[in-house]
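Chemist: Below are the structure tokens for one structure; questions will follow.
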Amino acid sequence: MTILVTGGAGFIGANFVIDWLASAKEAIVNLDKLTYAGNAANLASLAGAPEHRFVRGDIGDRELVRDLLERLRPRAIVNFAAESHVDRSIHGPAEFIQTNVVGTFSLLDETRAWWQSQAGDLRAGFRFLHVSTDEVYGSLGPGDPAFVETTPYAPNSPYSASKAASDHLVRAYHHTYGLPVLTTNCSNNYGPYQFPEKLIPLVILNATRGKPLPVYGDGMNVRDWLFVGDHCRAIRVVLARGVPGEVYNIGGNSERANIDVVRRICALLDRLQPRQRGVHADLITFVTDRPGHDRRYAIDTSRIARELGWQPQESFDSGLERTVRWYLDNPAWVAGIESGAYKQWLDANYGARDQ
171 MTILVTGGAG FIGANFVIDW LASAKEAIVN LDKLTYAGNA ANLASLAGAP
221 EHRFVRGDIG DRELVRDLLE RLRPRAIVNF AAESHVDRSI HGPAEFIQTN
271 VVGTFSLLDE TRAWWQSQAG DLRAGFRFLH VSTDEVYGSL GPGDPAFVET
321 TPYAPNSPYS ASKAASDHLV RAYHHTYGLP VLTTNCSNNY GPYQFPEKLI
371 PLVILNATRG KPLPVYGDGM NVRDWLFVGD HCRAIRVVLA RGVPGEVYNI
421 GGNSERANID VVRRICALLD RLQPRQRGVH ADLITFVTDR PGHDRRYAID
471 TSRIARELGW QPQESFDSGL ERTVRWYLDN PAWVAGIESG AYKQWLDANY
521 GARDQ
């Protein structure tokens with residue numbers, strides 16, 4: 171038996187592939203385009219593993235996807251492939267539409283055609299699991315209840331709008347064609363292998379180099395933080411026991427304001443790698459907020475807990491310390507991803523912001 175994972179060289183995808191092969195021992199074919207955040211070094215620990223086969227390619231390449239489906243006959247597809255950074259979507263939305271909307275449509279349509287040609291146990295047991303985000307639900311006020319699976323969509327960035335569109339396509343392919351799909355909407359992930367454009371790895375790496383720690387606006391934007399290992403475990407549970415056509419929200423039950431996250435990272439680094447002068451929090455720099463910055467996200471995880479028995483195992487403090495230690499312990503990985511393109515991105519996004 172084989173599962174096809176798309177986007178499996180990215181942050182969450184790579185963690186899922188490594189975790190899956192460590193626990194399930196079921197073969198994975200890993201399809202990834204290897205854009206800036208799809209890093210083959212994330213999969214270095216799997217070198218030579220017979221259960222893992224990597225294919226470089228695009229989910230929008232219908233001929234490639236068709237060939238893989240016909241040859242592999244996978245029992246499931248887990249779709250992580252996406253452009254996923256809000257700031258990048260503001261600077262260049264076209265890539266997000268191409269990958270997240272057109273690419274997902276192409277993958278769905280080829281999967282639908284192949285699945286309809288199957289019979290017996292393979293057709294009955296097949297699942298298409300689409301990994302999405304809580305950002306499709308929009309922004310919450312301080313006292314608003316957390317997002318549930320039936321919260322109306324209200325995306326506020328090109329990124330979240332493109333993910334909302336892909337979610338709607340997945341839903342439509344179930345209701346129109348009967349394709350057995352599952353959708354998960356997760357909160358903000360953090361952990362090993364995350365590309366350092368996102369808040370937590372950016373702050374860790376800047377702090378260790380004595381660089382400013384940029385915090386948008388007043389720093390009071392709130393996110394629900396989910397350790398990536400807990401997310402991967404949730405996806406395995408949904409894939410195994412989720413009901414086709416249904417949506418499952420996955421969160422860490424750890425709401426924190428951005429400024430509190432940054433200060434907590436600084437406190438950990440003060441203990442693990444003290445500065446010669448002062449403390450890491452001295453580097454905090456408030457910068458002009460990004461356009462349309464959602465104020466608060468929060469996930470209600472009661473459905474997946476009640477129906478599938480999943481809940482996060484890591485607290486925010488334990489998960490964050492694991493993450494900080496991982497970046498400190500893996501300087502070769504960090505050096506490998508700090509390419510010229512990444513530095514240009516930092517200059518483009520933060521260099522022109524008023525402090």
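Terminal number for the sequence shown in the numbering used here: 525, no gaps in between.
We put the CB at the ideal spot given by N, CA and C, even for glycine.
1. From the DSSP secondary-structure annotation, give me the bridge partner or partners of residue 300.
2. Throw me the rounded Cβ distance for the residue 316 and residue 469 pair, which I believe falls under 8 Å.
3. Assuming residue 434 contacts residue 393 (C-beta within less than 8 Å), just tell me the rounded distance between them.
4. Could you round the C-beta distance between residue 461 and residue 260 to whole angstroms and report it? I think they count as a contact, below 8 Å.
5. Is it the case that the Cβ atoms of residue 369 and residue 497 are separated by a distance below 9 Å?
6. Near residue 371, which residues of its chain fall below 6 Å by C-beta distance, leaving aside the five closest residues on each side in sequence?
7. Which same chain residues end up closer than 6 Å to residue 244 when comparing Cβ atoms and leaving out the 5 residues on each side of it in sequence?
8. Straight-line CA distance for residue 386 to residue 336?
9. Please state whether DSSP places residue 359 in a helix, a strand or coil.
10. What are the boundary residues of the alpha helix (DSSP H) that residue 261 is part of?
11. From 395, 367 and 400, pick the residue whose C-alpha is nearest to that of residue 384; which is it?
12. What would DSSP say about residue 384, mapped onto helix, strand or coil?
13. Counting only beta-carbon atoms, is residue 207 nearer than 9 Å to chain D?
14. By alpha-carbon positions, which one of 178, 181 and 190 ends up nearest to residue 404?
15. Could you check whether residue 398 and residue 362 sit closer than 9 Å to each other, using their CB atoms as the reference points?
16. Does the distance from the CB of residue 302 to the CB of residue 180 come in under 9 Å?
Modeler: If we stick to the structure as given:
1. 249 and 353
2. 6 Å
3. With 8 Å as the limit, residue 434 and residue 393 do not qualify as a contact, their Cβ atoms being about 13 Å apart.
4. 6 Å
5. no
6. 364
7. 172, 173 and 174
8. 28 Å
9. strand
10. 256-261
11. 367
12. strand
13. You won't find chain D in this structure, because it holds only one protein chain.
14. 190
15. yes
16. no
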